[in-house]
Amino acid sequence: MEWNKEKLEGYAPNELETKWYDFWEREGYFHEAPDPAKEPFSIVMPPPNVTGQLHMGHALDNTLQDILVRFKRMAGYNVAWIPGTDHAGIATQVKVEEQLAKEEGKTRYDIGRDEFLKRVWAWKEQYGGRIEKQVRRLGSSCDWSRKRFTMDDTCARAVREVFVSLYERGLIYQGQRITNWCPHCNTALSDIEVDHSDEQGHLWYVNYPVVGEDCYVTIATTRPETIMGDTAVAVNPQDPRFAGMIGKRVVIPLVHRKVEIIADEYVDPEFGTGAVKITPAHDPNDFEMGQRHHLEAVMIMNLDGTMNSAAGKKYDGMTREECRKAVVADLQELGLLDHVEELNHAVGHCSRCKTIVEPFSTKQWFVKMKPLTTAALDAVKDGKTEFVPDRFSKTYNHWLEDVHDWCISRQLWWGHQIPAWYCADCGETSVSREDLTECPHCHSKHITQDPDVLDTWFSSALWPFSTMGWPDRTADIEQFFPTSVLVTGYDIIFFWVARMMFMTCEFMKEIPFRHVFIHGLVRDSQGRKMSKSLGNGIDPLGVCEEYGADALRFTLVTGNTPGNDMRFYMERVEANRNFANKIWNAAKFVIMNLDDYDAGFIPETDDFTLADRWILSTFNDTVRKVTEKLDSFELGDAADAVYNYIWNSFCDWYIELAKQRLYKPDDKDSRKTVQYVLIYVLTHTLELLHPFMPFVTEHLWQHLPHEGKSIIVAPWPQVRAEWDFSAAAATMNTLMEAIKNIRNMRAEANVPMGKRAPITLVPADDVMAVTLRRYENYFFTLAFADGVNLLTPADEKPENAVVAVVPGIEIYLQLKDLIDVEKETARVRKEQEKMTKEIERLVKKLSNQGFLAKAPADVVDKEKEKLAGYRERLQALTQRMETLEKL
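As structure tokens, this is what we get:
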């Protein structure tokens, strides 16, 4: 038995949090070698961008992972939590390009690819560790010796192996297809790199002359600048308005191209006029229609978003915006612009530079998805991988069942360069696991590697196994794969989770994780998504500096239910710092009473008082509940259980009852017993709390008698069957309920805290009478009694007393001598009048239709909350007045 006997000073979270994280890392507690004799528990950390800054989403995700990891480590599992960062292709390249332009006035093309990549690696070395330090500050106990980077040698080897293997099986191909294109970044984008926002726009109705007839087909478009790329007009085959038009031709305005009116089920008869222009090279849906009907795809834009010669001489070189204005003006002049309507519609923007994304038909590399989805779908269907909550499996299934081929090439320099080489002499394309210096087909030296890089999601899709050293069959893979759980937000189920599933099922012939634990978003106090544009983001590190990481972590987990968004209130962070301080003061009290502590003393069961039996039995219940909730990923409920036990049971009740025994030096056995119970309960409760609030629990645990070197590797508390004192706990709960009622009656009457009063108790039977007589000292200690009078149900009850009833007991409290009835009556009446006026004012305000129409919804809701609170308060005051009138 050992403990730090230095004096426990005041609670200062910043100092102790840094101290203990350094201690854990220095002692190697985050690392465990593979041990086949132990059950494994493993997590791969969703890799934050190497360019990243810790935000509340990261803080929540890391906190949830760390809670599970610390719990399993203490529970005796062989634990591996593998951290890492993502190279974040476009985000990192943009950062370095901005730096290059600012400091040297140059572009990447000015310095060339090799030199630019040297700059990016240098930038990564300088700034890439920032996010890791921030994750450490939060208390994440991941194994930094296993950390991975999506472009380190291990991951790069895995990426090359997967690409070549898929290519050899015909599952990767090159083709001309529509992709999201950023004209500013000059690259294709993944869906997650496109932010859609509603914008006010227009719907232009344009007349297309029918060839050989004196009539028009009117189409509606949000993008008149693409008219010059039209190669068909489409209608729904079931639309009776166009039954006689299918097969006829119309003239495309401005370019005078004659195209056919085609029929396709995709066309929505309810949109616009029911006839739509088809521009295969500039719209993904039109592209698919063009493939079905063998339409020509005419590119009328350059890759920088300007118009090219195919758009017509007049528009050549214009920006998209300039061209739109010119086209609309020209259509109006030609009398072909029928009318214009206002329209609010979603517009895609590049998530990095905010430029409007252009759908472009370009030559890219793709993964054939359909052959890869079967095993991934079956894994969830068969229950091998379970989503928590299960409802998110529908999102997963829907995406995989309706998946399209995945564009994996990016026109960037930073990333995994595609391992394909083109021969200038024989024209062959060669894909290779090793870098090529000559063409494998004709041995020509005139070969060049494809300049494109792979989508960042390609490398992160391999994360569950590339991080463990695949394609080698490593000891980590043997022990820790498949991983136990993936913790992630619901917003990237199909961007990342699904990709990891099908890649892992394909290459490991096994699922990547047994559970997918989905959490929601952290929103601001008004329920809005945190964003730079709104300016409502909260820096987790700033919160840590002000209140401590423990308080932030506990705020993020309490009240959090799997899959649901949560609102973030600074008031809750402050309250949780106060909770940490409450634990601190409780520990300080216990430590102050350990001068004569006998570490070898173990009390007999008969030595335990009712309060001892109750706190030990309740601790058993808490251990059972916390363990069950953690095992079922209900982390918020687990945290609440620990909180309620510490604050309500241990601090508010047991410590108060323990004081009278600690302060009786003549009863040494009783003092020894209560010391034993205090230390047992407090040290093991700190162990229960440790996964949630690791820093304060380690510090206090070290200052209490304990076994072992650190709480981080202390055994997880167990339920002790011999301490199942359920009958005693039930008795204690009845007494506590009676005492709470007395406290409430005193509080409602504004009785001063130090003022004691006689209490009359009427037990329902003889058993309860014996119990009350035996434990009447609890009423002196906790209910401020200066006397306890026991009556039988037949006895005459006190007059002019406030009455409360709990199961088995009637309680009578005489207040007349404790308060100035006249003065209290006047105070209550005055507050009644005030509440009545406030209620009348709010009822009038909320009946005002002008106020309801103009005021924001949150303002109206606050006023309604006030009204409900005032009415509740008035009801309490009325009841209070009725009590006073009886005195």
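Numbered according to this note's numbering, the sequence shown spans residues -18 to 868.
From the three backbone atoms N, C-alpha and C, an ideal C-beta is built for every residue, glycine too.
- Glutamate 322: member of the beta strand (DSSP E) spanning 318 to 331, first to last residue.
- In its chain, beyond the 5 residues on either side, Ser425, His427, Ile428 and Thr429 have a beta carbon closer than 8 Å to the beta carbon of alanine 405.
- Here DSSP, grouped into helix, strand and coil, assigns valine 662 to helix.
- Inclusion of valine 248 and lysine 239 in the CB contact set at 7 Å is not warranted, their separation being larger than that value.
- Inter-residue distance for glycine 228 and histidine 275 is about 14 Å (C-alpha atoms, whole angstroms).
- DSSP, reduced to helix, strand and coil, places glutamine 345 within a strand of the structure shown.
- When the alpha-carbon of glutamine 856 is set against those of Gly57, Glu20 and Glu812, the nearest one is in Glu812.
- A contact is defined here as three or more CB-CB pairs under 8 Å, and the segment 104 to 119 fails this definition with respect to the segment 81 to 90.
- Counting only unbroken stretches of 3 or more residues, the beta strand (DSSP E) elements lying wholly within the segment 136 to 189 are 153 to 163 and 168 to 170, in sequence order.
- Residue pairing for histidine 687: DSSP places it in a beta bridge opposite Glu(-17).
- Taking the Cα positions, threonine 773 is about 8 Å away from alanine 745.
- Three or more Cβ pairs drawn from the segment 326 to 345 and the segment 151 to 168 lie within less than 8 Å of each other, which places the two stretches in contact.
- The three-state secondary structure of phenylalanine 52, taken from DSSP, is helix.
- Threonine 678 is positioned such that its CB atom lies closer than 7 Å to that of histidine 671.
- Secondary structure remark: continuous beta strand (DSSP E) runs of at least 3 residues inside the segment 769 to 837, in chain order: 783 to 787 and 790 to 794.
- In the three-state reduction of the DSSP assignment, glutamine 507 falls in the coil class.
- Non-local beta-carbon contacts of arginine 94 in its own chain, meaning distances under 7 Å to residues more than five positions away in sequence, involve Trp394 in chain order.
- Residue ranges of uninterrupted beta strand (DSSP E) with 3 or more members, entirely inside the segment 191 to 278 and ordered along the chain, are 197 to 202, 213 to 216, 230 to 233, 238 to 244 and 256 to 259.
- Counted as a single uninterrupted DSSP element, the alpha helix (DSSP H) harbouring arginine 594 occupies residues 591 to 612.
- Nearest Cα to alanine 360 within the set Ser440, Gly523 and Met481: Met481.
- Counting C-beta atoms within 10 angstroms of its own C-beta, isoleucine 583 has fewer than 16 neighbours from the protein chains shown and is therefore classed as exposed.
- Bounds of the alpha helix (DSSP H) holding histidine 379 are 373 to 382.
- Per DSSP, the continuous beta strand (DSSP E) segment holding glutamate 367 begins and ends at 367 to 369.
- Excluding residues up to 5 positions away in sequence, Asn325 lie with their Cβ nearer than 6 Å to the Cβ of glutamine 181 in the same chain.
- In this structure, DSSP gives glycine 470 an extended state, which the three-state scheme calls strand.
- The secondary-structure analysis by DSSP pairs tryptophan 387 across a beta bridge with Val348.
- DSSP lists Arg391 and Gln398 as the beta-bridge partner residues of valine 434.
- Taking 7 Å as the cut-off, the Cβ atoms of tryptophan 62 and isoleucine 24 count as close.
- The alpha-carbon of alanine 401 is positioned some 40 Å away from that of valine 369.
- Closest by C-alpha distance to cysteine 423, out of Gly253, Asp134, Asp433 and Gly408, is Gly408.
- DSSP places tyrosine 403 within a strand segment (E or B) once states are collapsed to three.
- Counting every other CB atom within 10 Å of its CB across the protein chains shown gives glycine 768 a total below 16, marking it as exposed.
- Comparing alpha-carbon positions, the option among Asp839, Ala14 and Gln795 lying closest to valine 732 turns out to be Gln795.
- With fewer than three CB-CB distances shorter than 8 Å, the segment 549 to 564 does not count as touching the segment 685 to 697.
- Taking the CA atoms as reference points, aspartate 520 sits about 12 Å from lysine 513.
- By the Cβ neighbour-count rule, serine 178 is exposed, with fewer than 16 other Cβ atoms within 10 Å of its own.
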